[in-house]
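Beneath this line is the structure, given in structure tokens, with notes to follow.
So, in structure tokens, the structure goes:
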């Protein structure tokens, strides 16, 4: 079968390979992949800057944002042929840490997890995969091919869960949310903020393309200025860019008792000159919280499935700005000016942008 | 009666003044002050760097760490003559914000609170005060003059409450605590960490004086090196120095899913060159939390009273390294090499260091 494979650590080593069908394993679910979303982590892996192959191998099957359809499922698995499913990306070590042991592999404390398509486990960028039933999450059939948005949405379901749990450390009546970055993560963060009834301001650099309309389509406000220019301080900030100067600005501009969620990964080695004393003083005197979040566990995938089920499907489909057939997978990697989410279509050889 | 007063904003303006007795107010408790603790905020006010007088006045009665004894209490107040009491420092605005309205003035969201001895309310550095019963917290009579430690302990009771509430955002099994700074706040943080059964490492610069023994007396470890030299990463860090480079180091050296509590106020304007991208990346990929905390509400004073009641009284009395009579109040301000907590004694004219 066909698979997009890459040699982690070597730039531009990706290719469409012919690999063996997944080996039949007892109590596993055979899934045909319908679609694969492309994200920043994939691009980093393709550049040779991130990723680890399975032990003893050179190449890794790419892809962690997937949508598949069940071809065969064992009895009692809760899944049947035809179900739409998404694979969970992270898998705990067989000897789990205390968090992995309770299913919170997203909070792994010893770093021994593996991740499909990223870290030591083949990804979902191939025609068929076999997974244990508990590594799959069912998607509402009404969502159809929009189910490929489940994995990125799970990241925000976790972020929102953590924001709300941390926020409730004291009396908590948030009203205003700031989201920095109007890429897929920022837009899904905004969608979930609006679902909670919050006022949401979104900050991004671009003035044209689909982002401003996507933001306004959610009833949120779109800004291209500086954080300091926003009319009021946010109670909740979700930072989705990883841009160092913006990370600092949102920490400074949080409301008293505000919660800043860092959800964007930066590259290291970007040094700024910073008044750390002033920043510490404002965090202390205002009881502010700053926290980082990554990955998601099963309850976040399930919360994400609920969030997508109640979202406006016309809006969700506008989030996917290009669909590229598997035969032209390389077109999905090269960023085009107005891309938001780009998806590789594994079924329709003739789909195009 | 005598009072230590100061003109906020003017350095070295403090003096022992003669002021009017507190006016009799219905349903108020008359308290004679027994002792006043001196802290960093007092020193800042004395330097003219902080503090606000009551509206329409030039001078402020100093002092917010107090111990008093009830002289007269209204029936039904829950207090009787002879009770040891401590005044709560912060008072919400008559038109409270949503946090102040539920008694969480420590989390005030609009900054309109006032503070005895700091912000627009006379402090407790005078012979007698009158307060409403709900502005006083009763101290276990067995604590005696150690009750003056209640207010600083309340700061840590809040810090620990917030650490535990934030930590429980996910599965949480902390073992190791790092405390930076072995002043009164760091030592009380350590005491409360040990009461919870945690292993505690304490980092400070000094190698002599009482601090190493005070730390070891709690069954904690004392270090004078760098954060990076500690044998293991802490699950919980309580930063009590406000020193900018240490603030950055503890953020970097927190364990995955670690919680860093910033409890030390820095001066602003101390610029460091910092790899913000690398710091953001490690906060995100490790699910780390950093939060600031200040002040305390009634439930924290009550938790602090419990923590002091179960502490070793011999250890607590070693924390108070000098007692100075009111007539020599100025001796309490000038820092001496081995000071930990210095207390001004309002009753005993002959007490000395």
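Chains as they are written, first to last, in our numbering: chain A, 376 to 728; chain B, 376 to 728. Heads up, the beta-carbon is just placed ideally off N, CA and C, and yes, glycines get one too.
*Cβ of residue 545 of chain B within 7 angstroms of any chain A Cβ*: yes
_residue 723 of chain B burial status per 10 Å Cβ neighbour count (16 or more: buried)_ = exposed
*Have a look at residue 646 of chain B and residue 620 of chain A and give me their C-alpha separation to the nearest angstrom.*
15 angstroms
_Cα-Cα separation between residue 465 of chain A and residue 500 of chain B, rounded to whole angstroms_ = 59 angstroms
*Using a Cβ-Cβ cut-off of less than 7 angstroms, list which residues of the stretch 662–677 of chain A approach chain B; keep chain order.*
662, 663, 664, 665, 666, 667, 668 and 669
*asked:* So, for residue 522 of chain B: in the same chain, excluding its five sequence neighbours on each side, which residues have a beta-carbon less than 7 angstroms away from its beta-carbon?
replied: 442, 459, 461 and 514
*Consult DSSP for residue 650 of chain B and reduce its assignment to one of helix, strand or coil.*
strand
*Among residues of its own chain, excluding the 5 on either side of residue 386 of chain A, which ones have a beta-carbon nearer than 6 angstroms to its beta-carbon?*
422 and 423
*Check whether the Cβ atoms of residue 428 of chain B and residue 437 of chain B sit closer than 7 angstroms, and answer yes or no.*
no
*First and last residue of the alpha helix (DSSP H) that includes residue 706 of chain A?*
704–708
*Does any C-beta atom of chain A lie closer than 7 angstroms to the C-beta of residue 506 of chain B?*
no
*Specify, as a first and last residue, the run of the alpha helix (DSSP H) that residue 676 of chain A falls within.*
673–684
*Which residue or residues does DSSP assign as beta-bridge partners of residue 720 of chain B?*
B/410 and B/700
*What residues in the stretch 685–717 of chain A have a beta carbon less than 7 angstroms from any beta carbon of chain B?*
none
*Using a Cβ-Cβ cut-off of 7 angstroms, state whether residue 611 of chain A counts as contacting chain B.*
no
*Cα-Cα separation, residue 600 of chain A to residue 687 of chain A*: 28 angstroms
_If contacts are defined as beta-carbon pairs under 8 angstroms, then residue 675 of chain B and residue 536 of chain B qualify, I think. What distance do you get, rounded to the angstrom?_
7 angstroms
*Opposite residue 668 of chain B in the DSSP bridges: which residues?*
Answer by DSSP bridge pairing: none, since residue 668 of chain B is not bridged.
*Show which residues of chain B have a CB atom less than 9 angstroms away from the CB atom of residue 407 of chain A.*
Those within 9 angstroms of residue 407 of chain A in chain B number zero; the least Cβ separation is about 32 angstroms.
_Spatial neighbours of residue 487 of chain A in its chain, beta-carbon cut-off 6 angstroms, leaving aside the 5 residues before and after_ = 468
*Is DSSP giving residue 547 of chain B helix, strand or coil here?*
coil
*asked:* To test your reading of the DSSP string, which unbroken beta strand (DSSP E) runs of 3 or more residues are found completely within the stretch 478–509 of chain B?
replied: 489–491 and 503–506
*Cβ of residue 505 of chain A within 7 angstroms of Cβ of residue 407 of chain A?*
no
*Using a Cβ-Cβ cut-off of 7 angstroms, state whether residue 496 of chain B counts as contacting chain A.*
no
*For residue 522 of chain B, which of helix, strand or coil comes out of DSSP?*
helix
_Does the structure place the stretch 616–632 of chain B close enough to the stretch 611–625 of chain A that three or more beta carbon pairs sit under 8 angstroms?_
no
*Take residue 552 of chain B as the anchor and find which of B/677, B/695, B/690 and B/607 has the nearest alpha-carbon.*
B/607
*For chain A, find out if any of its Cβ atoms is closer than 7 angstroms to the Cβ of residue 567 of chain B; answer yes or no.*
no
_Segments assigned alpha helix (DSSP H), at least 4 residues, entirely inside the stretch 381–432 of chain B_ = 415–421
*Whole angstroms is fine: what's the gap from residue 672 of chain A's alpha carbon to residue 525 of chain A's?*
12 angstroms
_Simplified DSSP state of residue 555 of chain B, which is helix, strand or coil_ = strand
*Within chain A, partners of residue 617 of chain B - CB distance below 8 angstroms*: 652, 655, 656 and 659
*With C-beta atoms as the reference, is residue 586 of chain A less than 7 angstroms away from residue 576 of chain A?*
no
_Backbone CA spacing between residue 697 of chain A and residue 531 of chain B [nearest angstrom]_ = 53 angstroms
*State yes or no: is the beta carbon of residue 380 of chain B nearer than 7 angstroms to at least one beta carbon in chain A?*
no
*Is residue 714 of chain B near residue 410 of chain B, with beta carbons less than 7 angstroms apart?*
no
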